[in-house]
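The numbering of the sequence shown is my numbering, which starts it at 91 and goes up by one.
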Amino acid sequence: MAGFQESVPVLRFLSLICFLAVTFPATATIDPAALVVAARQQIGVTLGYDPAYRRIAYPQGDVAETTGVCSDVVIRALRRQGLDLQKRVHEDMLGHFAAYPKGWGLKRPDSNIDHRRVPNLMTWFDRQGMALPLETSVDAYRPGDIVTWNLGRGQTHIGLVSDRRSAQGTPLILHNIGRGTREEDILFRFEMTGHYRFPGA
Numbered sequence: 091m092a093g094f095q096e097s098v099p100v101l102r103f104l105s106l107i108c109f110l111a112v113t114f115p116a117t118a119t120i121d122p123a124a125l126v127v128a129a130r131q132q133i134g135v136t137l138g139y140d141p142a143y144r145r146i147a148y149p150q151g152d153v154a155e156t157t158g159v160c161s162d163v164v165i166r167a168l169r170r171q172g173l174d175l176q177k178r179v180h181e182d183m184l185g186h187f188a189a190y191p192k193g194w195g196l197k198r199p200d201s202n203i204d205h206r207r208v209p210n211l212m213t214w215f216d217r218q219g220m221a222l223p224l225e226t227s228v229d230a231y232r233p234g235d236i237v238t239w240n241l242g243r244g245q246t247h248i249g250l251v252s253d254r255r256s257a258q259g260t261p262l263i264l265h266n267i268g269r270g271t272r273e274e275d276i277l278f279r280f281e282m283t284g285h286y287r288f289p290g291a
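This is the structure:
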């Protein structure tokens with residue numbers, strides 16, 4: 091019995107370590123520079139845009155790299171660093187479905203599509219404590235940051251802030267707005283709805 095009592099603090103410590111390992115490392119180890127490189131490597135590979143619903147594997151599921159939607163640029167870049175948004179968003183939605191948008195009439199999570207919807211990603215980023223203020227200063231946006239926009243008519247968009255800037259000094263964005271993955275000056279072109287940064291970035 092005494093041995094068991096002595097082991098309780100150790101067990102509690104190990105439980106805490108396990109909790110931290112499950113909760114934090116996937117977002118705490120993101121390298122912004124590597125994230126930008128991983129997104130840029132999609133240029134010339136992802137040449138099209140296809141928003142059709144597809145059944146994909148779980149976890150690590152994806153459509154063909156030659157196509158995709160805006161969120162796939164972010165998803166694919168993060169997977170290069172070991173963060174699978176498909177898995178993380180799905181797991182969070184399983185436990186907190188009510189916290190996520192209901193615009194699609196779903197009654198339960200769908201691992202085929204949930205992580206590819208910008209409003210769901212915005213919710214997940216918010217729930218990770220990643221949200222930053224929306225600002226008009228170019229210096230507020232660092233390489234590797236994630237930005238979302240309202241394109242109008244119910245269309246949302248997402249992209250990654252590049253380490254390159256326009257001639258006017260505006261950070262470029264790595265994104266897919268319909269013509270494949272590109273690096274363009276669109277940061278202030280549309281109504282911004284979200285700005286996110288990974289912890290420690």
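Using N, Cα and C, we set each Cβ at its ideal position, and we do this for glycine too.
Pairwise C-alpha distance: residue j and residue i
i      : j      : result
LYS192 : ASP121 : 32 angstroms
GLU273 : PRO199 : 32 angstroms
LYS197 : ALA189 : 13 angstroms
TYR143 : ILE165 : 16 angstroms
ARG145 : GLY134 : 25 angstroms
ASP140 : GLY158 : 5 angstroms
THR246 : LEU264 : 15 angstroms
CYS160 : PRO223 : 22 angstroms
LEU250 : ARG169 : 14 angstroms
VAL208 : GLY242 : 14 angstroms
HIS186 : THR213 : 11 angstroms
ALA129 : ALA167 : 5 angstroms
ILE299 : GLY268 : Missing from the structure shown is residue 299; the chain here goes from 91 to 291 and no further.
ALA257 : ARG232 : 17 angstroms
GLY259 : ILE236 : 18 angstroms
One or two residues paired with residue i in a DSSP bridge
i      : result
MET282 : TRP239
THR360 : Because the chain in this structure spans residues 91 to 291, residue 360 falls outside the shown range and cannot be described.
ALA292 : With the chain running from 91 to 291 in the structure shown, residue 292 is simply not present.
ILE263 : VAL251, GLU274
Candidates the options, of which the one nearest residue i by Cα
i      : options                        : result
GLY284 : LEU175, ARG217, ALA257         : ARG217
GLY172 : VAL208, VAL153, TRP214, THR119 : THR119
GLU225 : GLU155, PHE278, LEU168, PRO149 : PHE278
GLY138 : ALA124, VAL163, THR213, LEU125 : VAL163
VAL228 : TYR148, VAL126, ASP253         : ASP253
ILE248 : TYR148, ARG206, ALA154, ALA291 : ARG206
Local conformation of residue i per DSSP, three classes
i      : result
ALA251 : According to the sequence as given, residue 251 is Val; it is not Ala. DSSP places VAL251 in strand when its eight states are reduced to three.
ARG272 : strand
ARG232 : coil
ASN314 : Because residue 314 is not part of the residues shown, which for the chain are 91 to 291, the question remains open.
SER256 : coil
ALA147 : coil
GLN132 : coil
GLU181 : helix
Supposed close pair residue i, residue j - CB separation, criterion 8 angstroms
i      : j      : result
ASN240 : GLU181 : No, ASN240 and GLU181 are not in contact; Cβ-Cβ is about 27 angstroms, not under 8 angstroms.
ASP204 : MET183 : 6 angstroms
THR271 : GLN176 : Rounded, the Cβ-Cβ distance is 18 angstroms, inconsistent with contact.
MET220 : ARG287 : 6 angstroms
LEU125 : GLY290 : Wrong, their Cβ atoms sit about 12 angstroms apart, outside the cutoff.
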